[in-house]
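Scroll down for the structure; my scribbles are underneath it.
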Amino acid sequence: MAKTVLIVDDAAFMRMMLKDILTKGNYEIVGEASNGQEAVEKYQELKPDFVTMDITMPIKDGIQAIKEIKKIDPNAKIIVCSAMGQQAMVIESIQAGAKDFIVKPFQANRVIEALQKLE
C-alpha cells in the first residue's frame, strides 16, 4: 500500500509541485494544509505516514506546528521544506522534531530520497 503524505505549504504552487513529485514517486497525498493550524488539525484527522512542512506560514508557523504534531504523535515523520537556507531555522525545526530538511526549489529525487530514508 502506498505511504500517505500531508503536504503543508501556504503557497498553492508549492503544494502542487510537491504533490506532482510525490504522486510520481508512488506516494498517496491524503491532504493539504496552507498554514500550521490547519496542518495540526489535518494531521489528527488523517494520521498520514509523512508530513512535508513549510516553515514560514500565516496563523501558525511550521516550527510551532511541528511541536504540536509531535505532542500528538511523538513518532510523526515530518520533513521541512523551506526556501530559507537559514541555519537557525533548520536547527530549530530539527530540534522541534523534524526528521529532514529539503530546500526550495525542490529537486524531485531529493524529495523522494528524504521520504524513503524515513520509511
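Numbering (the UniProt record's numbering), first residue to last: 1 to 119. Cβ coordinates follow ideal geometry from the N, Cα and C atoms, glycine included. Given the structure is predicted, the values throughout are model-derived calculations rather than measurements.
- Message: Quick check on the DSSP output: the beta strand (DSSP E) that includes Met-53 runs from which residue to which?
- Response: Start and end: 50–53.
- Query: Just how far apart, CA to CA, sit Val-8 and Met-1?
  - Reply: 22 Å
- Message: Looking only at its chain, what residues have a beta carbon closer than 6 Å to the beta carbon of Gln-37, apart from the 5 residues adjacent to it on each side?
- Response: Here the set comprises Ile-59 and Lys-60.
- Query: Smallest Cα separation from Val-5: which of Glu-28, Arg-15 and Val-103?
  - Reply: Glu-28
- Task: Enumerate in chain order the residues of its own chain whose CB-to-CB distance from Gln-64 is below 7 Å, with the five nearest sequence positions on each side excluded.
- Result: Gly-36
- Task: Could you tell me which residues DSSP pairs with Val-5 in its beta bridges?
- Result: Ile-29 and Phe-50
- Would you list the residues sitting across from Val-80 in a DSSP beta bridge? Met-53 and Phe-101
- Do Lys-70 and Gly-31 have their C-beta atoms closer together than 8 Å? no
- Residue of Ala-33, Asp-73 and Val-80 minimising C-alpha distance to Met-15: Here residue 15 is Arg; the residue named in the question, Met, does not match the sequence. Comparing Cα-Cα distances from Arg-15 to each of Ala-33, Asp-73 and Val-80, the minimum goes to Ala-33.
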